[in-house]
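In this note's numbering, the protein residues as written are 112 to 295. All residues carry an ideal CB built from backbone N, CA and C; glycine is no exception. Worksheet for the structure shown next.
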Amino acid sequence: MIELRDLAPDDEELLYRWRGEPEVARWMSDADVSGREAHRAWFTQLSNDPDLRGWMIQRSGRPAGLLTLTGLSGHHRRAAWNWFVGDREARGRGVGRAAQVLGLDRAFGDLGLHKVWAEVMADNDAALKIQTATGFRREGYLLGHVLKDGAPRDVVLLGILRDEWQALAPAARGQLVAAGLIAA
Ligand SMILES: CC(C)(COP(=O)(O)OP(=O)(O)OC[C@H]1O[C@@H](n2cnc3c(N)ncnc32)[C@H](O)[C@@H]1OP(=O)(O)O)[C@@H](O)C(=O)NCCC(=O)NCCS
Numbered sequence: 112m113i114e115l116r117d118l119a120p121d122d123e124e125l126l127y128r129w130r131g132e133p134e135v136a137r138w139m140s141d142a143d144v145s146g147r148e149a150h151r152a153w154f155t156q157l158s159n160d161p162d163l164r165g166w167m168i169q170r171s172g173r174p175a176g177l178l179t180l181t182g183l184s185g186h187h188r189r190a191a192w193n194w195f196v197g198d199r200e201a202r203g204r205g206v207g208r209a210a211q212v213l214g215l216d217r218a219f220g221d222l223g224l225h226k227v228w229a230e231v232m233a234d235n236d237a238a239l240k241i242q243t244a245t246g247f248r249r250e251g252y253l254l255g256h257v258l259k260d261g262a263p264r265d266v267v268l269l270g271i272l273r274d275e276w277q278a279l280a281p282a283a284r285g286q287l288v289a290a291g292l293i294a295a
């Protein structure tokens with residue numbers, strides 16, 4: 112069963128480890144995780160700043176990954192989506208698929224957002240496939256938009272609007288419930 116839970120202070124250490132893992136770090140464009148201090152500052156901000164919200168993705172009651180939304184306090188009621196499944200053994204088992212549905216439900220439900228968007232590295236096939244399969248649309252392609260280890264990399268912009276998610280959500284939830292991935 113996949114669930115989202117609020118972050119706890121103890122999560123800092125595990126998140127530091129996950130964010131440093133090559134399979135995760137290679138796709139992250141938003142943060143410098145080169146040092147412990149930078150990570151601590153990031154975690155403190157994630158836990159306290161109302162502009163950000165983070166959830167631990169839990170699989171069978173154990174931490175499996177992280178989902179964050181940033182930009183929550185802005186005028187436009189939109190937020191940027193970022194996520195990873197940090198536990199290697201949890202990848203490829205539907206955790207990402209379930210976390211997306213749970214996360215979009217929170218974004219458009221409790222948080223009352225109008226839009227969720229994401230910047231995904233153009234060669235991140237896994238993220239592009241799973242996010243577009245859940246309803247994110249490609250909205251743009253930005254050449255050399257981020258520097259990764261000093262090299263410019265292209266980025267795909269993805270977005271989903273509240274109305275779009277409301278139309279897609281019942282079927283998406285139903286599939287996950289039928290697969291035993293989320294609670295009914
Ligand atoms: C992207 C990510 C969150 C997906 O989570 P996951 O739990 O492994 O994904 P799921 O098991 O739910 O798989 C969902 C779909 O993606 C596909 N997929 C998963 N990994 C894939 C890969 N490496 N290449 C291509 N497709 C992949 C699965 O086949 C599945 O498709 P299907 O439903 O048609 O079978 C995870 O792979 C990850 O953390 N990647 C590294 C960090 C990252 O890229 N984050 C996104 C930055 S924007």
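1) In whole angstroms, give me the CA-to-CA distance for Met232 and Ala244.
2) What is the C-beta distance between Asp162 and Thr179, in whole angstroms, given that I count them as a contact (C-beta under 8 Å)?
3) Can you list, in chain order, the residues of its chain with a C-beta nearer than 6 Å to that of Gly176? Leave out the 5 residues immediately preceding and following it.
4) Any chance the CB of Ala238 is under 7 Å from a heavy atom of ligand 1?
5) For Thr179, list the residues DSSP reports as bridge partners.
6) By how many angstroms is the C-alpha of Asp265 removed from the C-alpha of His256?
7) So is Ala218 buried or exposed if we call it buried at 16+ other beta carbons inside 10 Å?
8) Determine contact between the stretch 181-191 and the stretch 221-228, defined as no fewer than three beta-carbon pairs at a distance below 8 Å.
9) Roughly how many angstroms lie between the CA atoms of Glu200 and Arg170, to the nearest whole one?
10) Our contact map puts Leu125 next to Pro174 with C-beta atoms below 8 Å; I'd like the distance itself, whole angstroms only.
This is what the structure gives:
1) 17 Å
2) Not quite, the Cβ-Cβ distance comes to about 11 Å (not below 8 Å), so this is no contact.
3) Ile168, Phe195, Val196 and Gly197
4) yes
5) Gly165 and Asn193
6) 6 Å
7) buried
8) yes
9) 11 Å
10) 6 Å
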